Amino acid sequence: MAKDGKASVKSVEWSRELKKGSLQVCLLALLSNGRRYGFQIIKELKERTNEYIDLKEGTLYPALHRLEKAGLLKSEWVTEGTGNPRKYYSLTPEGKKGLKEAIEAWETMVDSCNNVIKGVKL
Amino acid sequence: MKDQVDEYLTRVDMAMWGMDKEARKGIVSELGTHIEDSMADASTPEAKEKVFTELEAPKTLARSYKAIYGYGRTFNILLIMDCIVMGIFSVPLLYPENWEILASILFAGAVAEVGLVGYMSGNKIGLTAGISSAVARILTFILIYILSDNYILRTDDALAFVIVSMVLVIVGYGMGMAKERWQPEEL
Numbered sequence: 000m001a002k003d004g005k006a007s008v009k010s011v012e013w014s015r016e017l018k019k020g021s022l023q024v025c026l027l028a029l030l031s032n033g034r035r036y037g038f039q040i041i042k043e044l045k046e047r048t049n050e051y052i053d054l055k056e057g058t059l060y061p062a063l064h065r066l067e068k069a070g071l072l073k074s075e076w077v078t079e080g081t082g083n084p085r086k087y088y089s090l091t092p093e094g095k096k097g098l099k100e101a102i103e104a105w106e107t108m109v110d111s112c113n114n115v116i117k118g119v120k121l
Numbered sequence: 028m029k030d031q032v033d034e035y036l037t038r039v040d041m042a043m044w045g046m047d048k049e050a051r052k053g054i055v056s057e058l059g060t061h062i063e064d065s066m067a068d069a070s071t072p073e074a075k076e077k078v079f080t081e082l083e084a085p086k087t088l089a090r091s092y093k094a095i096y097g098y099g100r101t102f103n104i105l106l107i108m109d110c111i112v113m114g115i116f117s118v119p120l121l122y123p124e125n126w127e128i129l130a131s132i133l134f135a136g137a138v139a140e141v142g143l144v145g146y147m148s149g150n151k152i153g154l155t156a157g158i159s160s161a162v163a164r165i166l167t168f169i170l171i172y173i174l175s176d177n178y179i180l181r182t183d184d185a186l187a188f189v190i191v192s193m194v195l196v197i198v199g200y201g202m203g204m205a206k207e208r209w210q211p212e213e214l
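Protein chains in written order, with my numbering: chain B, 0 to 121; chain E, 28 to 214.
Right under this line is the structure:
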């Protein structure tokens, strides 16, 4: 964080790269709690990450479609009441397996990186 | 605001031109519902305006979806048929002796088109377009030879023709592979 309280350009870049790498895991993890539609996912991710992950529709939907095409998610159109139909996404058995592997990889990466970062003196 | 949203969705749909119709319809519906939900969630007119102004550019969005779904079957068939036509008209025997340059230009066009198809639709479609174009070219060559009494077929000429035709196959497949390899991973 820069002295004036605003995130520096470099800091924004770091955040973007880290978010990019963690988005798939976060999406799979969120959907492991049950089916959700895009707007719900954006709101929930924003709330649960204290606004750190604030996705735009242009990032979220292609990511969901890519995960669906990879067989990790499935989707269904649901019409509730008189409203427009919404596309709900949920995990497939392949997605659950993928999430388990992703979490293991994530924890290993975080632990490994922490071992290095903790020793840094600034 | 509704007109603006409708116009935006139409622009997204148009930018996805060539993709499967059903996939496009689903994407536009999903996006429409998302904008509607975002608007309903925005409490002030300024917040509603912000929802609209922060929407992803239609071309950028379409590029992401094209990278996932590629082009639709109908569009790919049309592209392959076009490559076949280009392949046929690039046979030098179709033209009088002094016009052979035209065949060369058309062959260069066929190679460029097959390459473009490979780039746009991936290595499988590129390979199909390349093989179809090359086979159409070779069959046309054989047909002209059978039907005409003016040509004496020399083995080295025929071999050179087949080898040159293989360029179409290599370019179609190669461009698709190159795109897959060099395209940055999105997510």
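For every residue, glycine included, the Cβ atom is placed at its ideal position computed from N, Cα and C.
If you're wondering where the values come from, they're calculated on a predicted model, not measured in any experiment.
Alpha-carbon to alpha-carbon, residue j and residue i
| i | j | result |
| --- | --- | --- |
| glutamate 20 (chain E) | leucine 36 (chain E) | Residue numbering for chain E in the displayed model covers 28 to 214; residue 20 (chain E) lies beyond these limits and cannot be assessed. |
| serine 192 (chain E) | alanine 163 (chain E) | 10 Å |
| valine 24 (chain B) | lysine 9 (chain B) | 24 Å |
| lysine 86 (chain E) | valine 55 (chain E) | 13 Å |
| threonine 78 (chain B) | tyrosine 36 (chain B) | 12 Å |
| glycine 145 (chain E) | alanine 156 (chain E) | 8 Å |
| isoleucine 40 (chain B) | valine 39 (chain E) | 22 Å |
| leucine 98 (chain B) | leucine 121 (chain E) | 60 Å |
| leucine 72 (chain B) | glycine 97 (chain E) | 19 Å |
| lysine 102 (chain B) | arginine 15 (chain B) | Before going further, note that residue 102 (chain B) is isoleucine rather than lysine in the sequence given. The straight-line gap from Cα to Cα measures roughly 20 Å. |
| leucine 27 (chain B) | serine 159 (chain E) | 42 Å |
| glutamate 63 (chain E) | glycine 136 (chain E) | 46 Å |
| isoleucine 172 (chain E) | arginine 208 (chain E) | Isoleucine is not the amino acid found at residue 172 (chain E); the sequence shown has tyrosine there. Spanning the two alpha carbons is a distance of roughly 41 Å. |
| arginine 181 (chain E) | phenylalanine 188 (chain E) | 11 Å |
| glutamate 83 (chain E) | aspartate 30 (chain E) | 17 Å |
| lysine 75 (chain E) | methionine 108 (chain B) | 40 Å |
| leucine 105 (chain E) | tryptophan 44 (chain E) | 13 Å |
| leucine 17 (chain B) | methionine 108 (chain E) | 45 Å |
Beta-carbon proximity of residue i to residue j, cut-off 7 Å
| i | j | result |
| --- | --- | --- |
| threonine 167 (chain E) | valine 112 (chain E) | no |
| asparagine 125 (chain E) | tyrosine 200 (chain E) | no |
| glutamate 57 (chain E) | lysine 86 (chain B) | yes |
| tyrosine 88 (chain B) | leucine 121 (chain B) | no |
| serine 31 (chain B) | leucine 90 (chain B) | yes |
| valine 198 (chain E) | glycine 114 (chain E) | no |
| arginine 65 (chain B) | isoleucine 95 (chain E) | yes |
| alanine 161 (chain E) | leucine 195 (chain E) | yes |
| alanine 89 (chain E) | alanine 42 (chain E) | yes |
| valine 78 (chain E) | serine 65 (chain E) | yes |
| glycine 153 (chain E) | glycine 203 (chain E) | yes |
| glutamate 106 (chain B) | histidine 61 (chain E) | no |
| glycine 70 (chain B) | glutamate 93 (chain B) | yes |
| proline 61 (chain B) | serine 91 (chain E) | yes |
| leucine 44 (chain B) | isoleucine 52 (chain B) | yes |
| glutamate 81 (chain E) | cysteine 110 (chain E) | no |
DSSP state of residue i mapped onto helix, strand, coil
| i | result |
| --- | --- |
| glutamate 75 (chain B) | strand |
| tyrosine 92 (chain E) | helix |
| lysine 86 (chain E) | helix |
| lysine 48 (chain E) | helix |
| arginine 100 (chain E) | helix |
| leucine 214 (chain E) | Unreliable placement is indicated for leucine 214 (chain E), whose pLDDT of 44 sits below 50; the coordinate value is still reported in the next sentence. Three-state DSSP puts leucine 214 (chain E) in coil, outside helix and strand. |
| arginine 15 (chain B) | helix |
| tyrosine 36 (chain B) | strand |
| glycine 201 (chain E) | helix |
| glycine 118 (chain B) | coil |
| tyrosine 51 (chain B) | coil |
| methionine 0 (chain B) | The predicted position of methionine 0 (chain B) is uncertain, since its pLDDT is 49 and thus under 50; a value taken from the coordinates is nonetheless stated next. The answer is coil: DSSP assigns methionine 0 (chain B) none of H, G, I, E or B. |
| serine 111 (chain B) | helix |
Residue i beta carbon near the ligand GTP (any heavy atom closer than 6 Å)
| i | result |
| --- | --- |
| valine 77 (chain B) | Summarising the ligand content, the structure contains no ligands, and the ligand GTP is consequently not present. |
*Please specify which runs of the alpha helix (DSSP H), each continuous and at least 4 residues long, are wholly inside the stretch 113-194 of chain E, giving them in chain order.*
127-148, 150-174
*In chain order, which alpha helix (DSSP H) runs of at least 4 residues are fully inside the stretch 60-85 of chain E?*
72-80
*Segments assigned alpha helix (DSSP H), at least 4 residues, entirely inside the stretch 54-101 of chain B*: 56-68
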